[in-house]
Amino acid sequence: MSELKKITYREALKAGIREALLNDDRVFLMGEDVGRYGGAFAVSKSLLEEFGEDRIMDVPLSESGFVGAGIGASLAGMKPIVEVMTVNFGLLPMDQIVNNAATLLHMSGGQLNVPVVIRMSCGIGKQLAAQHSHSWEPLFAHIPGLVVVSVGTHEDARGMLHTALEHPDPVIIFEYTSMLNLEAEIQIDAGHTDISRAKVRREGKDISIITYGIGVYKALEAAKRLSEQGIDAEVIDLRVLRPLDEDCFIKSVSKTHRALLVEEAWASVNISSEVSARIMENAFYELDAPVKRLGGSEVPIPYPLHLENASVPQVEDIENAVIKILRP
Amino acid sequence: MKNKNNLDPEKAEKLLFQMLLMRKFEEKSAELYTKEKIRGFLHLYIGEEAVATGIIQALKPEDYILATYREHAHALARGVDAGVIMAEMYGKQEGCSRGRGGSMHLFDKEKNFFGGNAIVSGHLPLATGMALASKKLKRDNITVCFFGEGAAAEGEFHEALNLASLWKVPVLFVCENNLYAMGTALRYTHAVQEIEKKGPAYGIESKAVDGMDLLKLMEAANKAVEQVRSSGEPYLLVCNTYRFRAHSMFDAELYRDKTEVEKWKKRDPIPKFRKYLLKENLISEAKVQELEKRLNTEIQKAVDLAEAGTWEAKEELTRFVYSENPVS
Amino acid sequence: MTREHIQSTIFELLKKTAPETDPHSLRPDENIREALNIDSFDALQFLVALNEKLGIDIPEEDYSKTTTLGSLTDYLEQRSR
Amino acid sequence: MTDFLMPSLGADMEAGTLVQWKKKPGDQLTPGDIIAEVETQKGLIEIEIFEAGILESYLIEEGDKVPVGSPMARLRPEGSSKKTPETHPIQEKSQASKPLAAISEKTPSESSSSQKKTSEEIPRIKISPLARSIAEKNGIDLSSITGSGEGGAIIKADVEKAMVAKAGEPAGKETREAPSTAKTIPQESIRTAVAAAMSRSNREIPHYYLEKRIDMLAAMTWLQEVNRQRKISERLLPVVLFIKAVAKALESSPELNGIWDNGLQIQNQVNIGFVISLRAGGLLVPAIRDADLKSPEEIMAVLNELIPRARALKLRSSELSDSTITITSLGENGADKVFGVIYPPQVAIVGFGSIINEAVVHEGMLAIRPVVHVSLAGDHRATDGLSGSRFLEALNNNLQNPNAL
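This is the structure we're talking about:
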């Protein structure tokens, strides 16, 4: 049994970046306010002092420009970590991400791979209102050529970046603003994250709760409460949203015969829609109840706290949905 | 034995042949398009040949080139084989992008030819990023990025120039100003129509040059390339030119006057250069005729190669969405 | 309306009613329904079709005059005048 | 000689209208010459020629709109005097694609019609896919299970409970077959089906037979009177009166209108199966539904529609399985009497012989009158001779009062 360490999600992310910078000279971090300000959410605080401005580059507010430059730098041999402060500004460089990063390899007949890593913080923050509360993982996961991963745990916050940088193709990493201050214990020697696999976070036999991102801890909490009522839920962290690790959740559903899909993104055409379709295609005859989804309410996220909370699935919602499926 | 324009008979012949090849190759392409051998969009460079020729002759093989969707001539000037380009335009797997790109997406990594970029201005940030990588990796190659004056109205143009200057990276921006963004004249798209005035706003040295005169272009290009290479800083060269043909094959040219086209045709860079060489005794009539003959053989060889080319198997469709040897 | 026309119409409709038989082999005095094995329903349908083709209505009391090829032809020929 | 074709100037260009010829027959053509102006959806475009030669003749006129690839003019290439025209790429293409188009035209109609047939009237049971597959593997009858899942759906746990219950039951109980959904009836299978049904009937059903001679004068007179006033296409056949009279007689003998399934189950609807013999052999027994509620005219209309369809073997499966009693009628020229074999699971069949003239005693006098010999075959497990006798008496009464039918 290895040693456990209590750490915040923010510290875990920072540890991951620091390790990457130490590991490979070609790695550099570029983004708005990543240097002198210390990162919009203080994730990269003090890294400028440690690594210098060649490795920690503050960039102007020009998302198309610096994301495109990151793609160009990766084409020419560097290993950039490009930070888009939040996914809310992620539409500005969308052309660069879709038409260049995701497309060049196929369009050039396999000649040009794009090993860029783009980090974006994502999801509902704390009363940031409609323009700063987006959950756009599905938008990016729609695009072939991208690898899209979601950091749902502290372990992955620290272990995912390394594997992402080793990947020869563009990787988009979604981190969650609202989890930054959350503390958890992780194993000190926990290794790097396999970003081609989903992860069973809790084993169970009665139902599979399939989720990612903020949903992971919520689902684990719900599973804990359900176990007190005699319901044994399995919790799956999808972790990689494209390409989906289908085997993992199909195996789980084949065992539990029931599935509840949970995420914060708007319910129509989200990741759960895809997961649900794959369950129908591959595990239909294993189902003992209809697949159910809990997604974000389809509204621009409002400012007041009670309405903000009401717009995404909460632990109680997950708990109630499971009970309804198992005890109709 | 070089003359005052630094031309010797060998180089003179090479350049003349290159421009004749560009012209003839595209005329053949137009014909093949009407016969449905080439499909999709086909944008011809006819009239602008001096620009690609003049700029690319100044480069070293290790320099990076990024061009637009009107890039057949650039690929030819870079030494990509005419047959391989023609095969690409046919969609055959013998093409430089396995036939997956077509006319607008010619790529040849070995020749450091990075497309064939068809989102107007989308490749400017890439160029800045590639130059950034050269700087970080302490390579002495430079990046040359061709684009039209239409691109200069895009935000990415301004972002890329600002970043390039801010970061002091070795990139030569070459604006091929042919006066029309598709069918909209410069005067309707730019408040300041001298594109070269936009460089200094970002602290970038800029110059305009007659894009119909190969000698003037070579002089300007040699100077600009030399400056970028020695200073490691960006440079903007605006080449004022004109396309004799329509924007693409399917264009009724409602937006410009025939007399205007005829006026520009009088400045055709190819006869002008030929006349000059003959006058300077850098080439003989007999040699010119021999070149014309070689030209026809070359074009025929290109068409034969494309005709004899093969289609990529349908089973290969999904190859190269992701790299084939991902690091585990 | 000629006798030939009437007969060819009869043959045509009989062939339709009893496709596997050869109405031309009928003798003039042979009972049509017995020879071609036509039941009462088909017999009625046959008369309905004759009515439609030739425009001749056959009252039920005249059914007995239509039992053989000869009597049926005679009857229709007479009625068509 | 080569053809100059309407050029393709863009993937979205399908056709062009020739506005003006810019060259005349006999003109020398050099590459780059404008041969014509063509109007497209993007405007007027000058059409360039790519080969040298002489314009031989026009193939289309100014104002003509032709698809891309259509010949516009004939050219004589430079240097050559005669040349076979090149094969037209567009023509090749359209020929090559033809078989494909033919296939795709055919498939949808076929599949939609077969879908329609199979989806007909299958009762839906709400059940999870997992529960269904477990039930199928273990031979569990779903109709006996009450679901405890969402909306009463049967789930795995319910099937497992049923499996435990089944394990406790004595073995050998046969589950009832699902109703057949056969639609087009293959000719050869009809004989087999008749053979099977009749053998089963003979094996399982203890038949009893009754016979009654019925005076048909009143009925025939009434029929003649009615038919005299009608166009030939609206006339009634005697069998219509038989059907209606049987249907009406069942009011007082409902026990003959039923099915035997571990006991007699009297049916509320009177659906009379009517035996239709096929010319090629075999017979079909489609049902005339609610015959007791239909007038003779309506019954005749049903027959007019049903018989041709039966002969064409185009009956719906429900029409073949709905009957509650059967009538077989030989018409005028057949045997005098017919004794039927009951069509299981029904419990009775009524046979009408030919209508013949017989000497009968009428009002104390010997008279020649049309009569019909009617037989009743009954299932002795379900009814006995007394019911049958009462039924034949009622049938007689009905046929004596045709007006009331």
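Residue numbers (the numbering used here), protein chains in the order written: chain S, 8 to 335; chain B, 63 to 390; chain U, 365 to 445; chain H, 137 to 541.
Ideal Cβ positions, reconstructed from N, Cα and C, are used throughout, including at glycine.
Against chain H, with Cβ distances strictly below 9 angstroms, would F256/S count as a contact? Answer no: the Cβ-Cβ gap between F256/S and chain H never drops below 9 angstroms.
When you compare only the Cα positions, how much space is there between A92/B and D169/H? Straight-line Cα distance between these residues: approximately 14 angstroms.
Starting from the C-beta of R43/S, find all residues in its chain whose C-beta is less than 8 angstroms away, skip the five residues before and the five after it, and write them out in chain order. Only L55, D65 meet the Cβ criterion.
Rounded to whole angstroms, what is the Cα-Cα separation between I150/S and G261/B? In this model, I150/S and G261/B are separated by some 35 angstroms (Cα to Cα).
Would you mind sorting N277/S into buried or exposed? The rule is 16 or more other CB atoms within 10 Å of its CB. By the C-beta density criterion, N277/S is buried, having at least 16 other C-beta atoms within 10 angstroms.
Extract the residue ranges of the beta strand (DSSP E) inside the segment 424-464 of chain H, only unbroken runs of 3 or more that lie entirely within it. Entirely contained in the segment 424-464 of chain H, not one beta strand (DSSP E) run reaches 3 residues.
Answer yes or no: do G184/B and N289/S have a C-beta to C-beta separation smaller than 9 angstroms? It is not a contact, given that the beta carbons lie outside the stated cut-off.
Can you pull the chain B neighbours of P143/H, defined as C-beta to C-beta under 7 angstroms? In chain order: T96.
Of the listed residues H134/B, Y126/B, N65/B, nearest to E89/B (C-alpha basis): Of H134/B, Y126/B, N65/B, the residue nearest in Cα terms is H134/B.
With a threshold of 9 angstroms between beta carbons, is V438/H in contact with chain U? Output row for V438/H: interface = no.
Mapping the DSSP letters down to three states, classify Y107/B as helix, strand or coil. Note: Y107/B maps to coil in three-state DSSP.
Using a Cβ-Cβ distance under 9 angstroms, would A364/B count as near chain S? So no, A364/B is outside the interface.
What does DSSP give as the partner residue(s) for A513/H in the beta ladder? Answer is Y345/H, I485/H.
Which residues in chain H have a C-beta closer than 9 angstroms to the C-beta of G261/B? List them in chain order. The contacting residues do not exist; G261/B stays about 36 angstroms from chain H at best.
Express the C-alpha separation of V113/B and V300/B in angstroms, rounding to a whole number. One C-alpha to the other measures close to 10 angstroms.
Under 7 angstroms by beta carbon: chain S residues contacting A267/H: By Cβ distance, chain S contributes D295.
Classify P113/S: buried if its beta carbon has 16 or more other beta carbons within 10 angstroms, exposed otherwise. It is worth fixing the name first, because residue 113/S is His in this sequence and not Pro. Looking at its Cβ environment, which holds 16 or more other Cβ atoms inside 10 Å, H113/S is buried.
Could you pull out every residue in the same chain whose Cβ sits closer than 6 angstroms to the Cβ of A314/H, ignoring the five residues on either side in sequence? Only weak support is given to the placement of A314/H: the predicted model assigns it a pLDDT of 37, under 50, and the value that follows is read from those uncertain coordinates. Around A314/H: no qualifying Cβ.
Distance cutoff 9 angstroms, beta carbons only. Does P383/U sit that close to anything in chain H? So, interface residue.
Determine the chain S residues that contact T190/B at a beta-carbon separation under 8 angstroms, and present them in chain order. Near T190/B (Cβ distances below 8 angstroms), the residues of chain S are G72, G75, A76, G79.
Could you name the residues of the same chain whose beta carbon sits closer than 8 angstroms to that of L104/B, not counting the 5 residues immediately before and after it, in chain order? A distance below 8 angstroms between beta-carbons, with the five flanking residues on each side excluded, links L104/B to the following residues of its chain, in chain order: S91, A92, Y95, M151, S165, S310, M311.
Measuring alpha carbon to alpha carbon, tell me which of G79/S, S275/S, V154/S, Q194/S ends up nearest D176/S. Residue V154/S is the option with its Cα nearest to D176/S.
Suppose you measure from the CA of K212/S to the CA of I341/H; what does that come to, to the nearest Å? For K212/S and I341/H, the distance between alpha carbons rounds to 55 angstroms.
In angstroms with no decimal places, state the Cα-to-Cα distance between D433/H and K380/H. In the sequence as presented, Asp is not what sits at residue 433/H; that position holds Glu. About 10 angstroms.
Applying a beta-carbon distance threshold of less than 7 angstroms, which residues of chain S neighbour I395/H? Within chain S, no C-beta atom comes less than 7 angstroms from the C-beta of I395/H; the nearest is roughly 37 angstroms away.
Go ahead and label G275/H buried or exposed: buried means 16 or more other beta carbons lie within 10 angstroms of its beta carbon, across all protein chains shown. Per the 10 Å Cβ criterion, exposed.
Round the Cβ separation of Q403/H and I412/H to the nearest angstrom and send it over; I've been treating them as touching at under 8 angstroms. A Cβ-Cβ separation of about 21 angstroms leaves Q403/H out of contact with I412/H under the 8 angstroms criterion.
Examine the ligand PLP and report whether any of its heavy atoms sits within less than 8 angstroms of the Cβ of I412/H. As for the ligand PLP, it is missing from this structure, which has no ligand bound.
Chain U residues whose Cβ lies nearer than 9 angstroms to that of R339/H: In chain U, no part has a C-beta under 9 angstroms from the C-beta of R339/H; the shortest such distance is about 30 angstroms.
Excluding the five sequence neighbours on either side, which residues of its own chain have a C-beta within less than 8 angstroms of the C-beta of T223/H, listed in chain order? With a pLDDT of only 44 at T223/H, under 50, the local geometry of the prediction cannot be trusted, and no value is derived from it.
Could you tell me which of L245/S, P145/S, F35/S sits nearest to F58/S, measuring between CA atoms? For the residues L245/S, P145/S, F35/S, the minimum Cα distance to F58/S belongs to F35/S.
Segment limits, alpha helix (DSSP H) that includes M151/B: Per DSSP, M151/B belongs to the alpha helix (DSSP H) from 144-152.
In this structure, how does DSSP classify M192/B when only helix, strand and coil are distinguished? Correct three-state label for M192/B: helix.
Mind checking who H498/H pairs with in its DSSP beta bridge? The partner list for H498/H (beta bridge, DSSP) reads M501/H.
Within the continuous alpha helix (DSSP H) that includes F256/S, where are the two ends? Looking at the DSSP string, the run of the alpha helix (DSSP H) that includes F256/S is 253-263.
Would you verify that the beta carbon of K292/H is, or is not, closer than 9 angstroms to some beta carbon of chain S? Yes - at least one Cβ of chain S is within 9 angstroms of the one on K292/H.
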